[in-house]
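In the order they appear, the protein sequences are chains A and B. If you're matching positions, the first sequence starts at 1 in the numbering used here and goes up one per residue. If you're matching positions, the second sequence starts at 1 in the numbering used here and goes up one per residue. Glycine included, each C-beta is placed from N, C-alpha and C at the ideal position. For reference, the structure is listed below as C-alpha cells.
Number of protein chains: 2
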Amino acid sequence: MRQEYPGQKRFLVAVDSIIFGFDGYNIKLLLVQRSLSPETGKWSLMGGFVHPEEDPGAAASRVLQERTGLKDVYIEQFHVFGKPDRDPVERTITIAYFALIDIQQYEQQLTEENNPEWFLLDAMPEMVFDHAEMVAQALRQLRYKAALHPILFQLLPGRFTIPQLQALYEGVYQTKFDDRNFSRKLLSTGLLVKLAEKDKLSSKKGAFYYQLDQSNYEQKFGSFLNLVPNPDKFF
Amino acid sequence: MRQEYPGQKRFLVAVDSIIFGFDGYNIKLLLVQRSLSPETGKWSLMGGFVHPEEDPGAAASRVLQERTGLKDVYIEQFHVFGKPDRDPVERTITIAYFALIDIQQYEQQLTEENNPEWFLLDAMPEMVFDHAEMVAQALRQLRYKAALHPILFQLLPGRFTIPQLQALYEGVYQTKFDDRNFSRKLLSTGLLVKLAEKDKLSSKKGAFYYQLDQSNYEQKFGSFLNLVPNPDKFF
DNA sequence: CCAAAAGTGTTCCTCGTACACCCATGC
DNA sequence: GCATGGGTGTACGAGGAACACTTTTGG
C-alpha cells in the first residue's frame, strides 16, 4: 500500500443507511442484528465498510442492494458521524445516508443471516453505538426535506391514492392534516397523473389511483413547494 | 495500532473548508497555495487531515483557526467527497464544510507560509483535484440555505445597515432585489434591533445601523423564512 | 336510506410583490 | 434646490387555511 502522505493516521470508513418504509399506516425502519463483535446480536443500521476502489455513494447502494435486493432506490447522504470513540473497537468514520423504499418491493434476502426486521419509530429497540442518534437526525432531515420537496412519493408503490399519500405525510409528521386541503394542494402541484381505476378496498366511494408525472417531478423537485401546512412548528 | 476489523482498508480522512467572505460589494472565497506535492503551489481550499483523537467538526474548526486566527465561526458540514481517484497520490476521503466569516476580522496569520488570498467567484483560479466542484456545490448549498434561514448575517460585522445586508444578498444571488421590499421584509422578521447611530459614509441621508436580536435569531433560525424573492428560480 | 369516506366550493385573510411617493442630507 | 439614496404607504393578487357541503357506493 502506497502512503504518500506520511505521518497521518488512516481510518476505517463506513456507510450506514437509515432505511424508511411505509406500511400504509406507519413509518417503519429496517434494522439488522449486528454480526460483528462487540455487541453481536444488538440492533444496528444496515451498513458496511467502503471498499478500496469504491465511491462512498456506490458503497451505500451496494450494501442496500446486497441486503434488500433493491436497486435504484432514493438515497441521500446527510451527515458524517466521526466522534473518536463512537466505535469502541477501532475508530470508524461513518457516512450516513437515508433511503426511502417501497416496503412492498422489499423482500428479505435468502442470504441474509442477521434477521432484518421493521420497527415502528415509537418502538425502537436499543441500538449499537451512536445509531440511535443517527436515526433521530435522519428523521429530522426527512421531515425537513419532505416539507419542501416531494420525496415521500418514493415510499409508495407506482400507483397510489391521495388518502394513502396523506396517511404517509401524517405518519411522518405525527399530525392530522385537513383531507380537503391536502388533496387540492397536491393536485395543484401538477405532479400527479390521474388514472382510470379506483381503489375500492378502503372506502365505499373509492379513491382514484394516481401516478407521478415523471417529467414534472424532476423539473419541480428543486423548487420550494409547500406540502406541509404550518411547517415551522416541526423545527 | 489496533485493527479489530481485519481485512478492511483504512483511508486518509481530511476536512476542507470553503470560506466565504464579503467585502461590502462582492462575495469572496479564501484560497491557499498547496504546500504538498503534487501540484505544489496550485490553489486549494483550506484543509487538513483529521487527527487520531479528533472529531471531524473539531478538525475543521482547528484548521480554520490555525489559518485565519478566527474562533467561533459559523461552519456547516455539507458533503463528503470520496471518489477513489480524487487525490491521485493516495485515496483520501474529505469532509467538506462551508464557513462564513466577517472578512474584517480575518487577518493573515504570520505563521502562514502559503499565501492565502481572497478570490471573486467569477475570477477563480484553477484549483487542485476536485476543489472546483466542491466550491460549486458549496455555493449551491449556501444559496439554498440562505433563502430559508438567516445565515448571511454571519458574513457581516456585529453592526450593519440594511443596504449593506441587501448588497450581500444581491451578491449571493447575483440579482437586484427591490430595496423597499427588502428592508420591510427584514424588519418584519423581528431579527433586527435598530441602533441610534447612522452610517453616513455611503449616502447623504445615512442608513441606521442594526444588530441581531440574538434570542429571536436562535428561536426563528429553524423555521422557514422567505428572505429571497422568487427563490425557485435559483434551483 | 344511511353511514363513511372522497373530493369540491367558498370565504377569509395573510403575505409577497410591484411601484408611487416621501424623507433626510450634503453639496 | 437638487441629486442621491433610505425608507414608508398603498394596492393588487396568489395562495394557504378553515370549514360547509356534495358525491359515491356498500351494506
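In the three-state reduction of the DSSP assignment, I162 of chain A falls in the helix class. Straight across, the Cα-Cα distance linking F160 of chain A with F153 of chain B is about 44 Å.
For F81 of chain A, no alpha helix (DSSP H) run applies; the uninterrupted beta strand (DSSP E) run containing it begins and ends at 74-81, by DSSP. Put simply, the backbone Cα of F22 of chain A is about 29 Å away from that of D55 of chain A. Secondary structure within the segment 141-227 of chain B: the beta strand (DSSP E) runs of 3 or more consecutive residues, fully enclosed, are 192-199, 207-212 (chain order). Identification of chain B residues near F224 of chain A by a Cβ-Cβ cut-off of 7 Å yields P231, D232, ordered along the chain. Here L64 of chain A is near S17 of chain A, since their CB atoms are less than 8 Å apart. Annotation for H51 of chain A: A59 place their beta carbon closer than 7 Å to its own, counting only its chain and skipping 5 residues before and after.
Take the alpha-carbon of Q219 of chain A and the one of K204 of chain B: they are about 46 Å apart. Contact between the segment 33-48 of chain A and the segment 128-148 of chain A is present: 3 or more CB-CB pairs across the two stretches fall below 8 Å.
For I93 of chain B, at least one C-beta of chain A is nearer than 8 Å to its own C-beta.
Going by DSSP, A14 of chain B is part of the beta strand (DSSP E) stretching over 10-22. At least one CB atom of chain B sits nearer than 8 Å to the CB of R10 of chain A.
For K204 of chain B, there are no C-beta contacts with chain A under 9 Å, since the nearest C-beta of that chain is about 39 Å from it. In the structure shown, the three-state DSSP call for M46 of chain A is strand. For E218 of chain B, no CB of chain A lies under 8 Å from its own CB, so it is not counted at the interface with that chain. Under the criterion of beta carbons closer than 8 Å, P150 of chain A and L227 of chain A qualify as touching, at roughly 7 Å. In this structure, DSSP gives T68 of chain B a helical state, which the three-state scheme calls helix. Only exposed fits A196 of chain A, as fewer than 16 other CB atoms lie within 10 angstroms of its CB.
With respect to the 8 Å criterion, A138 of chain A and F81 of chain A are not classified as neighbours on the basis of their beta carbons. One finds D55 in chain A with Cβ atoms closer than 8 Å to the Cβ of K83 of chain B, taken in chain order. Relative to Q105 of chain A, the option among A:L70, A:V32, A:Y74, A:G206 whose CA is nearest is A:L70. Interface with chain B (8 Å Cβ-Cβ cutoff): V13 of chain A is included. Excluding sequence positions up to five before and after F119 of chain A, its CB lies within less than 7 Å of the CB of K28, L29, L31, P125, all in the same chain and listed in chain order. Burial is judged here by how many other beta carbons sit within 10 angstroms of a residue's own beta carbon; L165 of chain B has at least 16 and is buried. Setting aside the 5 residues that flank it on each side, V13 of chain B is surrounded in the same chain by V50, I93, each with a C-beta closer than 6 Å to its C-beta; the list follows chain order. Within a 10 Å sphere around the beta-carbon of A123 of chain B sit fewer than 16 other beta-carbons, which makes this residue exposed. Burial is judged here by how many other beta carbons sit within 10 angstroms of a residue's own beta carbon; F78 of chain A has at least 16 and is buried.
By the neighbour-count criterion, in which a residue is buried when 16 or more other Cβ atoms sit within 10 angstroms of its Cβ, G171 of chain A is buried. Assignment of M127 of chain A by DSSP, reduced to helix, strand and coil, places it in the strand class. If you draw a 10 Å sphere on the C-beta of S61 of chain A, you find 16 or more other C-beta atoms in it, and that means buried. Separation of D85 of chain B and G222 of chain A (C-alpha to C-alpha, rounded to the nearest whole angstrom) is 29 Å.
Annotated three-state conformation of Q104 of chain B is coil, per DSSP.
F234 of chain A carries a helical assignment under DSSP once its states are collapsed to helix, strand and coil. The criterion of a C-beta distance shorter than 8 Å is not satisfied by R67 of chain B and F11 of chain A.
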